[in-house]
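Basically my numbering = 1-based index in the sequence shown + 1399.
Note that beta-carbon positions come from the ideal geometry of N, C-alpha and C, so glycine has one too.
In what follows, a single structure is set out as structure tokens and then discussed.
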Amino acid sequence: MITDSHGIPIMPVPPTPPSGVPVRTDRTIRLGATLWILGVVEFVIGMGVTQYGWDLLRTGATPVYSLQFNYISDLGAVNCGPFAGVVVCSPWHDVFNASIILLGILLILGTLAIARSIPAGPSRGLGVLLLVIAGIGAIGVGSFPEDVHRQAHALSALLAFALGNLGAIAVGYGYFTRDRRAGWLAYSALSGLVGLAALALFIAHIYGPPGVGGMERLIVAPLFLWAVVEGIRLLRLPKFAPAGIHPSAGAPHS
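Written as structure tokens, this is what we have:
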């Protein structure tokens, strides 16, 4: 045992993992990563099921649901009839609205759970805050259907779209401050920037060949993919070691 000049034992300080070594995960972080993945998967399934119900039960006055010309939120419309220039009728709207509310809840819980995997600093606080508010926005989208609470729905969607993509950029930069992995930073930044660029075009009513529906999906698709990839990345990291000691840090050199 090492002691000081007065014979008092000195507790060794765990070595700091070297730059470039990824953080280890514990159960909470792994749970958060799983919640992110589940949130995206269940929402994609919810959209598919609701769209199937739209096409299955539609009448002659209602066109088939179009990924190009229909808003995503048309699937959650409560009433049947003209809305925003198209005829909407989504008999299974409750499925869509419930799935996006669940997405928001899982995004919030997952973000809070994985927060400790992000290095301490401004990027952690900012990234977590942005993603939590984005989750609240998703809950609002499902709670306020577009044809019932139009303004509240639009504000909720804007929060989810804008802050979700900004959050991806902030979290990616947070990991970069420790791991110095330019590839992951570039991927996170690209995901967020593509979503934000699509959002800017969407707000400006510049849809191009993708149409209003395709442009809206360009806002969310990169973010959804990023959340799944990030969740898988965290699940693949080694499990947490006591005292935060990384095997490669402080190991004796021969």
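_First and last residue of the uninterrupted beta strand (DSSP E) at V1485_ = Taking the first residue of the sequence shown as position 1, residue 1485 is located at position 86. Here the beta strand (DSSP E) through V1485 covers V1485 to V1487.
_Considering Cα atoms alone, identify which of F1442, A1483 and T1458 is closest to L1624._
On the sequence shown, position 225 is the one that residue 1624 refers to. L1624 has its Cα closest to that of F1442, out of F1442, A1483 and T1458.
*Should Y1451 be labelled buried (16 or more other beta-carbon atoms within 10 Å of its own) or exposed?*
On the sequence shown, residue 1451 is found 52 positions in, with the first residue counted as 1. With fewer than 16 other Cβ atoms within 10 Å, it is exposed.
*Relative to the C-alpha of L1584, which residue among F1560, I1517 and L1474 is closest?*
Within the sequence shown, numbered from 1, the residue matching residue 1584 stands at position 185. When only C-alpha atoms are compared, the closest one is I1517.
*Count the other C-beta atoms from every protein chain shown that fall within 10 angstroms of the C-beta of P1608, then say buried if there are 16 or more, exposed otherwise.*
Within the sequence shown, numbered from 1, the residue matching residue 1608 stands at position 209. Label assigned to P1608: exposed.
*Mark L1455 as exposed unless 16 or more other C-beta atoms lie within 10 angstroms of its C-beta, in which case mark it buried.*
To locate residue 1455, count along the sequence shown from 1; it is residue 56. L1455 counts as exposed, since fewer than 16 other C-beta atoms from the protein chains shown sit within 10 angstroms of its C-beta.
*Beta-carbon proximity list for V1487, same chain, < 6 Å, skipping 5 on both sides*: Counting from one through the sequence shown, the residue named residue 1487 turns up at place 88. If we look at V1487 and ignore the five residues flanking it on each side, its Cβ neighbours are D1473 and A1476.
*Could you give the uninterrupted runs of the beta strand (DSSP E) lying entirely in the region 1485-1564, keeping only those of 3 residues or more?*
1485-1487
*To the nearest angstrom, report how far apart T1415 and T1576 are at their CA atoms.*
Numbered from 1 along the sequence shown, position 16 holds the residue referred to as residue 1415. Numbered from 1 along the sequence shown, position 177 holds the residue referred to as residue 1576. Summary for T1415: the model assigns pLDDT 42, below 50, so the residue's position carries little reliability, and this model does not support an answer.
*Roughly how many angstroms lie between the CA atoms of G1520 and D1493, to the nearest whole one?*
The count along the sequence shown starts at 1 and reaches residue 1520 at position 121. The count along the sequence shown starts at 1 and reaches residue 1493 at position 94. Cα-Cα distance, rounded: 40 Å.
*Select from G1613, L1529 and G1563 the residue whose C-alpha is nearest the C-alpha of L1466.*
Here residue 1466 refers to the residue found at position 67 when the sequence shown is read from its first residue. Per the Cα distances, G1613.
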